[in-house]
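Contents: one structure, followed by commentary.
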Amino acid sequence: MTSCIVILSLIAFAAVGVAAQEKAVVMAGAQLTRVVPTGFYFEGQSAPTQTRNTAAARFGTKRHIIAGMVDTSGYSSEIRAKYEGFLITDSPIIVGGQELATGAYGFGFTDDGKLNIFDVGGTQIVSVQTTKDARLRRPRPMLITTDSDGIRFYSGRDYAVINIR
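Numbered according to the numbering used here, the sequence shown spans residues 245 to 409.
This is the structure we're talking about:
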């Protein structure tokens, strides 16, 4: 009985170790097109996705983080000032050291170096300090790259590290 418990414990710890070692793969082409929504709902309105400003990463075979900017021209100036796009995760993640549950969210990067994440009703639920990457060769409005700790989620040269939990 005791040896059975020890064996089951070792199997459980091994499974946790394997999950923690899942490396991020940045998706592109048809894989990216398949997972990115064509529009997103936020604070009572729906906006089309800016397809050229979308990115996604896969951890293992079934865990995804999907982000995209949306056309906010139809939104009020108050919403446009805080909301740039969407962030979707199908498993819990850590954003800049703060936990974020599975779900769909709005996001916005601020001029003072913060990434703010909102629920679809517009309530801020996470705010983290970003890091400036002066070595980034070609900054873009939105970009995801791999990092030793997970992925880097960029707006221009500012980024926050996101990893799976």
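From the three backbone atoms N, C-alpha and C, an ideal C-beta is built for every residue, glycine too.
Under the three-state reduction of DSSP, K326 is assigned to helix.
Looking at the DSSP output, D402 bridges to K376, S399.
Going by DSSP, A301 is part of the beta strand (DSSP E) stretching over 289-303. Exposure of I369 is indicated by the presence of fewer than 16 other C-beta atoms within 10 angstroms of its C-beta. The region 303-318 and the region 328-336 touch, with no fewer than 3 CB-CB distances between them shorter than 8 Å. Note on A272: under 16 other CB atoms within 10 angstroms of its CB, so exposed under the neighbour-count rule. Secondary structure of T282 (DSSP, three-state): coil. Measuring C-alpha to C-alpha distances from R401 to each of I408, K358, R409, G394 identifies K358 as the nearest. In this structure, the CA atom of M386 is about 17 Å from the CA atom of A268.
The alpha-carbon of R382 is positioned some 22 Å away from that of T277. In the structure shown, the three-state DSSP call for S371 is strand. Per DSSP, T316 lies in no beta strand (DSSP E) segment and is marked neither H nor E. Its Cα nearest to that of T367, the residue G288 stands out among V270, G283, G288, Q275. In chain order, V405 place their CB closer than 7 Å to the CB of D391, counting only its own chain and leaving out the 5 sequence neighbours on each side.
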